[in-house]
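Quick note, the working numbering runs 4 ahead of the 1-based positions in the sequence shown.
To start, the structure under review is shown below, and the notes come after it.
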Amino acid sequence: MTFETNPRFLRDLLAEAHDGRLQLPDFQRSYVWGDEDVRMLIASILRGFPVGALLTLRTGGTVAFRPRLLEGVEAARKAAGQGPAAPAEELLLDGQQRITSLYGALKCPLPMTVRKPKSERKTLRRFYYLDIARALDAGEELEDAILGLPESRIRRDQVPTIDLSDRTKEFEAGCFPLNLAFDQAAVMKWLWDYQAHWQGQGASRSDQANAFMEKVLQPLQSYQMPTIRLGHETSREAVCLIFEKVNVGGKKLDAFELVTAIFAGSPEPLNLREDWAARFQRIRTGKGLGMPVFDHLRGFDFLQAVSLAATHAARRAGTATQVSCRREALLGLSLADFRAHAPAVEEGFREAGRFLAEQKVLWAADLPYPAQGVALAAFFAIGGKAAQSAVAREKLERWFWRTSLAEDYGSSPESKLAKDAEEVTAWLMGGPEPERMKLLTFNPDRLDSLRMRVSAAYRAFSALLLRQGCRDFITGKPADITTFHSDPMDVHHIFPRAWCERKGIRPEDYDSILNKTPLTAASNREIGGDAPSDYLARIEAKHGILPDQRGAILRSHLIEPDFLRTNDFKGFIADRKAKLAALAAQAMGLPLATAAPAAPPEPEGETDEAEEAA
């Protein structure tokens, strides 16, 4: 990689921006500066202060980023009756906000668009003027001499009103339009007419005009900005890395945005945003009632799965050393590889959605790790039909529940995605079980501390209970894709929080997954804050549920009815811990955890509990 460093006149930079020779790479974000930012920048330049270096990239290399004109250039050229801009010779990697501001304020004949204070979406239109007298005598208050006026050039929010709506009023106010600053002929005409205007009124402004030209305009016209220019042979990875290093003040661009710009600049360009929007809609809609589990799927996730499939194919062909979905691999993804693997990955996500629905993971918030969706799509894309056989399905279930309950994807997900894309796919297609699969286990004591949905294992147990057929307390219906849309279940307390607090039970005990289960909102309202024995009796009486039916419904949640009938929280927790540990072991394909269930207590009636609650 080569680069050169040299100062360049601001007037030349703005001229090149107007001509089109200096443009932005398409991955640059929109202009976001406000009026105060622009005025402070102009003031710094008028004082001769440095305002930072620029970083550009010569075009014509092997990697082409789609260019776009700086904001305001196209409209300015159209207003001037000029034709299409010249092809980009340089791309501005660092300095977008500064050069766009200076072009709009000092070069463009039209009002520039700036952000409204304290708003990300609302904008203002501004012309910029310099109060000549104040500029010559401003000292440290030069910012106050720079005026930002609305498109009408009349500012009514001050007393007196500032009206610069025609040349005569500019002369009367002694305010120079800064967008003439680099047009020498226009500058000389304005200053000549300014002097003539005052001479006609019996006053002289010659000394002031000469001083303004000498002390303000000439230094501005000769102002230079240091520029680092990268050679055209610079790799795309280097450009993206350098851009991120210098773009410390803005929001970090993700790989999807960078790849979008790369693909747009290819000889046979692809609009990746439009391509992804169409694929996302097909993935999200799926078949039948749709796949809300992928509601939050991002273009970045899709690119990761494509990278896994592409590097897996390259590794098998001997043209790559490793499978990867790291940022570097995504930035190195060729458009040809994307086009080759994207259709299979798209179908892989649809198949992943069907697989997750079978596991009762139906909503995005229920997926233990978003990276698991990427992995599943890669498995199906790489393995094809072989990854969908009954034998492969059973292995896939083991992988899914082990990575979920062992909370495996909580760290280094990219490394694990790459390893699983290679090893798990081979296992699904008849190869040996990956060694790391044997290390994924579940400690039953973890059940005591699973209290919040942010935990992957918490979400996994919720799905496991649905998967093994838990039924709603009132309707007795199990969860499926249809009931999830019409009457969705969520995780609620079995021994109500209010009752537990009255009994002095600690939050760390009653808030764990051991005391929670999936229920509809109607069932949760029916439970209220009453003792289990009370709400069960009420549900039976109100909804005509027989005791044996009630027992079957409760056992579908791995709840022993007698513990609820006797309000035995301690016995219930011990028993359910053993049952949930066994459920986890079964799903993971591991030996049963050694935790004997507690024996249910003898029935004691409900008088004492009712008296205590009274």
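Using N, Cα and C, we set each Cβ at its ideal position, and we do this for glycine too.
The structure presented is a predicted model; accordingly, all values stated were derived computationally and were not measured.
Asked                                                                                                   : Found
Q205 to A68 span [Cα, whole Å]                                                                          : 60 Å
For S527, the nearest candidate out of Y539, L518, I517, N519 (CA to CA)                                : Y539
Cβ neighbour criterion (16 or more within 10 Å) applied to L106                                         : buried
Selected residue, minimal CA-CA separation from A375, among V395, A346, R330, A394                      : R330
Three-state secondary structure (DSSP) of H236                                                          : coil
Residues bridged to M493 [DSSP beta-bridge criterion]                                                   : T524
Segment contact, 8 Å Cβ cut-off, at least three pairs: the segment 178-195 with the segment 132-148     : yes
Residues near G258 by beta carbon distance below 6 Å, same chain, minus five either side                : Sequence check: residue 258 is Asp here, not Gly. Same-chain partners within the cutoff: F304.
Q363 vs A460 beta-carbon contact at 8 Å                                                                 : no
Where the beta strand (DSSP E) through T640 begins and ends                                             : The question about residue 640 has no answer, for the chain in this structure spans 5 to 618.
Where I531 falls: helix, strand or coil (DSSP)                                                          : helix
Residues that DSSP places opposite Q27 in a beta bridge                                                 : L95
Proximity below 8 Å, CB of L195 to CB of A215                                                           : no
8 Å Cβ cutoff met for P115 and R125                                                                     : no
For N10: DSSP bridge partner residues                                                                   : T231
Beta-carbon proximity of A425 to L312, cut-off 8 Å                                                      : yes
7 Å Cβ shell around A410 - same chain, five flanking residues per side excluded                         : L444, T445, F446
Whole-Å CB distance - L234 paired with L61, under 8 Å assumed                                           : 5 Å
CB of A368 within 8 Å of CB of A309, strictly                                                           : no
Residues sharing a beta bridge with D167, DSSP                                                          : I158
First and last residue of the uninterrupted alpha helix (DSSP H) at P511                                : 511-514
Validate contact between the segment 163-173 and the segment 83-99 using beta carbons, cut 8 Å, 3 pairs : no
Helix, strand or coil at G303 according to DSSP, with G and I counted as helix                          : helix
Burial state of V220 (16 or more Cβ within 10 Å)                                                        : buried
Per DSSP, cross-strand counterpart(s) of L128                                                           : V118
N-terminal and C-terminal residue of the alpha helix (DSSP H) that F284 is part of                      : 276-289
Under 8 Å between C-beta atoms of V36 and Q101                                                          : yes
Y133 in three-state terms, based on DSSP                                                                : strand
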